[in-house]
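**Student:**
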Amino acid sequence: MADLTAVLASTHHPFYLKATTDHSEQRMPHADEWQRKVEAYRETLTAARPDVLIMVGADHFHQFFLDNYPTFLIGKQEKYDATFYNEEREFGIPKYVLDGDMELSNYMHQGLLDAGFDFSFSHELKIDHSIICPIITVRPDADLPIVPIYTNIFAPPMPSPKRFWDLGRAIRGIIDAYPSDKKIAAIGTGHLSLELGGPRMFGDHGPDPEFDARAIEWLSTGNIDSVLENVTHESMASAGNATHGFMDLILMMGIAGPREADYVDQLDLFHTREMFMTWYPNKTEALAAAAASAAESSGASLGPVYAAKDGVSA
Amino acid sequence: MSKYYVNKFLYSIDRDPEWVARYKDDPAGTIDAWEKECGTWLNSAEKTTWLSFTAEERHALETYDYEWLFAYGAHFFLYLTLFIGLFDEDWAREQGPLSYQREWARRLEPWTHKDYPSVAL
Chain A
1 MADLTAVLAS THHPFYLKAT TDHSEQRMPH ADEWQRKVEA YRETLTAARP
51 DVLIMVGADH FHQFFLDNYP TFLIGKQEKY DATFYNEERE FGIPKYVLDG
101 DMELSNYMHQ GLLDAGFDFS FSHELKIDHS IICPIITVRP DADLPIVPIY
151 TNIFAPPMPS PKRFWDLGRA IRGIIDAYPS DKKIAAIGTG HLSLELGGPR
201 MFGDHGPDPE FDARAIEWLS TGNIDSVLEN VTHESMASAG NATHGFMDLI
251 LMMGIAGPRE ADYVDQLDLF HTREMFMTWY PNKTEALAAA AASAAESSGA
301 SLGPVYAAKD GVSA
Chain B
1001 MSKYYVNKFL YSIDRDPEWV ARYKDDPAGT IDAWEKECGT WLNSAEKTTW
1051 LSFTAEERHA LETYDYEWLF AYGAHFFLYL TLFIGLFDED WAREQGPLSY
1101 QREWARRLEP WTHKDYPSVA L
């Protein structure tokens, strides 16, 4: 059976590449720390030695629009083009061509149908920054085949937070049953509190630091009960109008299962708080050592991070 | 009225550099041209016969009026990315990085602590 060697859940910030390759006088003050944390986080994936990446993201009205917007979709291709014109324009993200894994895409798709998730599918999917951002941050050589899974965190009405958790659990079951000796890593990105186009965007911090601290606690402790008690479409909207991307992080926790994370890091930036979390479902001494080594550089925690009573991370 | 049609305009302009340039140079003329060439088409062969703008929708798009679009419930991602593409560089050059975005946030401050208009259709 396949070996799920790592599950990564992080925020995606499309300006990471631009910010950390800017060596002009305008280089943002956080850029060095941001780069150090991302490069340390990358080590938590590298140590897991994956052969293939299952990648969870969401199309930001690049390929899909309101004439036909899929709730859940899987890509089924040998190759994937990536990065749209307006992402190059706004974020400076380059184009990529990524390999696919048709065998795993097909197996995953059938498994999801069998589990009651009636997925849409595409044989001409172009990947956007929700998947390219983590390629840039944790696998910049872009040398591994991917199986892309898209969710709707963007165009209401959206599925419930519980549905995202259940989908993560179903994906985990399919990975565990996959008859292969491959090492698989699952990587998904989303957001903590986020505001786009509203009064709380582009502030000195994310729009709701208290939500962010609680969210990191929920995820890093594997506490799905608290997530389901506290996270609704309404509560996410009150934390910031684009906070619904948090549901993809719930999905990733579903793949990992209700257990503590093995690597938890964060960075308070202007506009957002960034989060970098890794679970090792079958933790070995080598993986634990890699996470410890990465944490020495980044200052990450090697276990749960709890919100203080006032909501700010302890 | 058609919030969908407003979103379709923003979506199809933003993804095409030629439309972006035309919209910046001549918003009213570009809206007319877009309706004929793109807005009323489902694909290159099939027409969509029933979509049109109200006067208010057309005016908001002609004036890049994000305050109106926010209150109307157009999808924030569409006009944020498009208008940043149109105006960010000019504003940054004249008033510093992120000045366009921060002025936008400031002008929407009356919405803070209120329920925002839904982007659902």
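Chains A and B, in that order, give the protein sequences. All residue numbers for the first sequence refer to my numbering, where the first residue is 1 and numbers rise by one. All residue numbers for the second sequence refer to my numbering, where the first residue is 1001 and numbers rise by one. From the three backbone atoms N, C-alpha and C, an ideal C-beta is built for every residue, glycine too.
From the DSSP output, in three-state form, read off GLY190 of chain A for me.
**Tutor:** Strand.
**Student:** Tell me the DSSP secondary structure of TYR1116 of chain B in three-state form.
**Tutor:** In the structure shown, TYR1116 of chain B sits in coil (DSSP, three-state: anything other than H, G, I, E or B).
**Student:** Measuring CA to CA, which of A:ILE255, A:THR232, A:GLY245 and A:GLN26 is closest to ASP176 of chain A?
**Tutor:** Among A:ILE255, A:THR232, A:GLY245 and A:GLN26, the Cα nearest to that of ASP176 of chain A is on A:ILE255.
**Student:** Look at the alpha carbon of ARG273 of chain A and the alpha carbon of ASP248 of chain A, and state the distance between them as a whole number of angstroms.
**Tutor:** For ARG273 of chain A and ASP248 of chain A, the distance between alpha carbons rounds to 16 Å.
**Student:** From LEU228 of chain A to ASP181 of chain A, what does the alpha carbon distance come to, in whole angstroms?
**Tutor:** LEU228 of chain A and ASP181 of chain A: Cα-Cα distance of roughly 35 Å.
**Student:** If we count the other Cβ atoms within 10 Å of its Cβ and call it buried at 16 or more, is LEU104 of chain A buried or exposed?
**Tutor:** Buried, because 16 or more other Cβ atoms sit within 10 Å of the Cβ of LEU104 of chain A.
**Student:** My output table needs one value for THR5 of chain A: the three-state DSSP class, helix, strand or coil.
**Tutor:** Strand.
**Student:** To the nearest angstrom, how far is it from the Cα of ILE187 of chain A to the Cα of LEU144 of chain A?
**Tutor:** When rounded, the distance between both Cα atoms is 12 Å.
**Student:** Taking the alpha-carbon positions, what's the PRO209 of chain A to ARG1022 of chain B distance?
**Tutor:** If I take the Cα positions, the gap works out to 40 Å.
**Student:** Taking a cut of 9 Å between CB atoms, which residues from the segment 1016-1040 of chain B lie near chain A?
**Tutor:** Correct list: ASP1016, PRO1017 and VAL1020.
**Student:** Does DSSP put LEU267 of chain A in a helix, a strand or coil?
**Tutor:** Three-state DSSP puts LEU267 of chain A in a strand.
**Student:** Going straight from the alpha carbon of LYS283 of chain A to that of GLU234 of chain A, what length do you get?
**Tutor:** In a straight line, the C-alpha of LYS283 of chain A is about 36 Å away from that of GLU234 of chain A.
**Student:** Compute the distance between the beta-carbons of SER130 of chain A and GLY57 of chain A, then report whether it is under 7 Å.
**Tutor:** In contact: SER130 of chain A and GLY57 of chain A (Cβ atoms closer than 7 Å).
**Student:** For ILE174 of chain A, I'd like the list of residues in its chain whose CB is within less than 6 Å of its CB, leaving aside the five on either flank, ordered along the chain.
**Tutor:** The residues are MET108 and GLY111.
**Student:** Would you call PHE270 of chain A buried or exposed, if buried means 16 or more other Cβ atoms sit within 10 Å of its Cβ?
**Tutor:** PHE270 of chain A should be labelled exposed.
**Student:** Where does ALA314 of chain A fall in DSSP's three states?
**Tutor:** Residue placement at ALA314 of chain A is poorly supported in this model, since its pLDDT is 47, which falls under 50; the coordinates still yield a value, given next. In the structure shown, ALA314 of chain A sits in coil (DSSP, three-state: anything other than H, G, I, E or B).
**Student:** Out of curiosity, what's the CA-to-CA distance linking ALA115 of chain A and PHE61 of chain A?
**Tutor:** For ALA115 of chain A and PHE61 of chain A, the distance between alpha carbons rounds to 28 Å.
**Student:** Under a three-way DSSP split, which group does ASP1088 of chain B fall into?
**Tutor:** Note: ASP1088 of chain B maps to helix in three-state DSSP.
**Student:** If you count every other CB in all the chains shown that lies within 10 Å of the CB of ALA308 of chain A, and 16 or more means buried, which is it?
**Tutor:** Under this definition ALA308 of chain A is an exposed residue.
**Student:** Counting only runs that start and end within the segment 149-224 of chain A, where is the beta strand (DSSP E) found for 3 or more residues in a row?
**Tutor:** Entirely contained in the segment 149-224 of chain A, the beta strand (DSSP E) runs reaching 3 residues are, in chain order, 183-190.
**Student:** I want to verify the contact list: residues of chain A whose CB lies under 8 Å from the CB of PHE1076 of chain B, in sequence order.
**Tutor:** Neighbours of PHE1076 of chain B on chain A, chain order: LEU196, GLY197, GLY198, ASN241 and ALA242.
**Student:** Between ASN152 of chain A and chain B, is the shortest Cβ-Cβ distance under 7 Å, so that the two count as touching?
**Tutor:** By this cut-off, ASN152 of chain A is not an interface position.
**Student:** Relative to chain A, which residues along the segment 1039-1060 of chain B have a C-beta separation below 7 Å, given in chain order?
**Tutor:** Of all residues in the segment 1039-1060 of chain B, none has a Cβ within less than 7 Å of some Cβ in chain A.
**Student:** Can you give me the C-alpha to C-alpha distance between ALA314 of chain A and LEU1080 of chain B, rounded to a whole angstrom?
**Tutor:** Residue confidence is low: ALA314 of chain A scores 47 on pLDDT, short of 50, so the model does not pin down where it sits. Its coordinate-derived value is still stated next. Rounded to the nearest angstrom, the two C-alpha atoms are 34 Å apart.
**Student:** Can you give me the C-alpha to C-alpha distance between ASN152 of chain A and ASP1025 of chain B, rounded to a whole angstrom?
**Tutor:** If I take the Cα positions, the gap works out to 34 Å.
**Student:** State the Cα-Cα distance for the pair THR189 of chain A and TYR1004 of chain B, rounded to the nearest angstrom.
**Tutor:** Taking the straight line from one Cα to the other gives about 28 Å.
**Student:** Give a yes or no on whether the C-beta atoms belonging to ASN68 of chain A and ARG1015 of chain B are separated by under 7 Å.
**Tutor:** Their beta carbons are not under 7 Å apart, which means ASN68 of chain A does not touch ARG1015 of chain B by this criterion.
**Student:** Examine chain B for any beta-carbon lying closer than 7 Å to the beta-carbon of PHE15 of chain A, and answer yes or no.
**Tutor:** Not an interface residue.
**Student:** Apart from the five residues on each side of it in sequence, which residues of its chain come closer than 7 Å, Cβ to Cβ, to LYS1047 of chain B?
**Tutor:** Result list for LYS1047 of chain B: THR1040 and TRP1041, in chain order.
**Student:** Can you check whether the C-beta of TRP1091 of chain B is within less than 7 Å of a C-beta belonging to chain A?
**Tutor:** Judged by the 7 Å Cβ criterion, TRP1091 of chain B is not in contact with chain A.
**Student:** For a test of the three-state rule: what should DSSP assign to ARG1022 of chain B, helix, strand or coil?
**Tutor:** If DSSP states are grouped into helix, strand and coil, ARG1022 of chain B belongs with the helices.
**Student:** Which bits of chain A does TYR1116 of chain B rub up against, with CB to CB less than 8 Å?
**Tutor:** By Cβ distance, chain A contributes GLY198, ALA237 and ASN241.
**Student:** Does any residue of chain B have a CB that is nearer than 7 Å to the CB of ALA314 of chain A?
**Tutor:** Here the model assigns ALA314 of chain A a pLDDT of 47, short of 50, so the residue's position is not dependable, and the following value carries that caveat. With 7 Å as the cut-off, ALA314 of chain A does not count as an interface residue toward chain B.
**Student:** Is it true that the segment 1089-1105 of chain B meets the segment 219-226 of chain A, where meeting means three or more beta-carbon pairs spaced less than 8 Å apart?
**Tutor:** Segments in contact, no.
**Student:** Is it buried or exposed for GLU1067 of chain B, if we count other Cβ within 10 angstroms and need 16 for buried?
**Tutor:** So GLU1067 of chain B ends up on the exposed side.
**Student:** Looking at chain B, is there any beta carbon in it that lies within less than 7 Å of the beta carbon of HIS60 of chain A?
**Tutor:** Output row for HIS60 of chain A: interface = yes.
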